[in-house]
Ligand SMILES: Cc1cc2nc3c(=O)[nH]c(=O)nc-3n(C[C@H](O)[C@H](O)[C@H](O)COP(=O)(O)O)c2cc1C
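This is how it looks when you write it as structure tokens:
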């Protein structure tokens, strides 16, 4: 399939694996890229420029296809070494950077000068237009369904994608709630040029997370995610568990007095224990409503090939048949 996204990124299939904290290691990104999508290494998980460099080299040893790196800009207690991370990205020959969180303007000149394509992930039409105006090459539009940070507007992709498509000129990925060939065809119909998936890629053989995490996603339905940190205007969609209930209890009890410090036990530094340690109830972790559509643990190649063959069948048989 050829779309503006496959052309822009030089990939075979219009399927991208979004940056994921403590999931987006070399094994994950290389498996997605090698299967013809675009795999993305998550820079902030590696923390230092040296560790990011080593992870990119590791992924390079696993595939010769294009790879991306995610740079997330969130309010943090200690600021990461963004200039150092950008230098490593450029020196490593990475061709695509996914930015997310705050406005990526500060890193754009260096990335663009190196010929790197920048796709900014955002959750509203106004932020997508801002990304376009500052020179991003594409946007990844994350609907209310998505895992992680859906923003504060609560607009699902059925509305958000066509709204964004009506206003944007640059290519757009549909992000949030994407799982299969139906998602891809629907997203293309709504005006996107490809899909970005997070949760679906966690439940694959190559995802470098504990089997308990994969099983938790398989066991979950579309009813099993919760929104936390809404009172802090830092909303995150996570899989429901006892730690999430403790967070929601504190939010109710403290009301307007709530501060991020009140939630640190459940929120801060828990990812390694969840993702690699398999302690899935120890803290909060991002998961999308799409868990309700995930029922198996294929390889990334099996998943991507299946999405593409389902999409072709829907287009060639169902849709063409409907107008015949
Ligand atoms: C466990 C997990 C961690 C994530 N961490 C990040 C991150 O560090 N930076 C980022 O930009 N997005 C992050 N995301 C969001 C994904 O890149 C993607 O936008 C989202 O998962 C799309 O929604 P979906 O899960 O319904 O496919 C994370 C998602 C998950 C599931």
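Residue numbers (this note's numbering): 1 to 324. We put the CB at the ideal spot given by N, CA and C, even for glycine.
Annotation for residue 300 indicates a beta carbon at 7 Å or more from all heavy atoms of ligand 1.
Distance check between residue 197 and each of 1, 10, 40 places 40 closest, using alpha-carbon atoms only. Two segments are said to touch when three or more pairs of C-beta atoms, one from each, lie closer than 8 Å; by this definition the segment 155-174 touches the segment 185-196. Taking one beta carbon from each stretch, the segment 50-67 and the segment 18-32 have 3 or more pairs nearer than 8 Å; the two touch.
Counting of Cβ neighbours within 10 angstroms places residue 178 among the buried residues, the total reaching 16 or more. CA-to-CA, the gap between residue 48 and residue 268 works out to about 18 Å. For residue 34, the uninterrupted alpha helix (DSSP H) segment begins and ends at 26-34. Put simply, the backbone Cα of residue 80 is about 7 Å away from that of residue 44. Secondary structure at residue 245: helix, using DSSP grouped into helix, strand and coil. Unbroken alpha helix (DSSP H) stretches of 4 residues or longer found wholly inside the segment 92-165: 108-113, 125-134, given in chain order. For residue 174, the enclosing beta strand (DSSP E) starts and ends at 172-175.
Taking one beta carbon from each stretch, the segment 236-251 and the segment 134-150 have 3 or more pairs nearer than 8 Å; the two touch. Exclusion of the five residues before and after residue 271 leaves 21, 22, 285 as the residues of its chain whose Cβ lies within less than 7 Å of its Cβ.
Secondary structure note for residue 276: it is in no alpha helix (DSSP H), with a DSSP letter that is neither H nor E.
In this structure, the CA atom of residue 118 is about 8 Å from the CA atom of residue 108. Residue 17: member of the beta strand (DSSP E) spanning 15-17, first to last residue.
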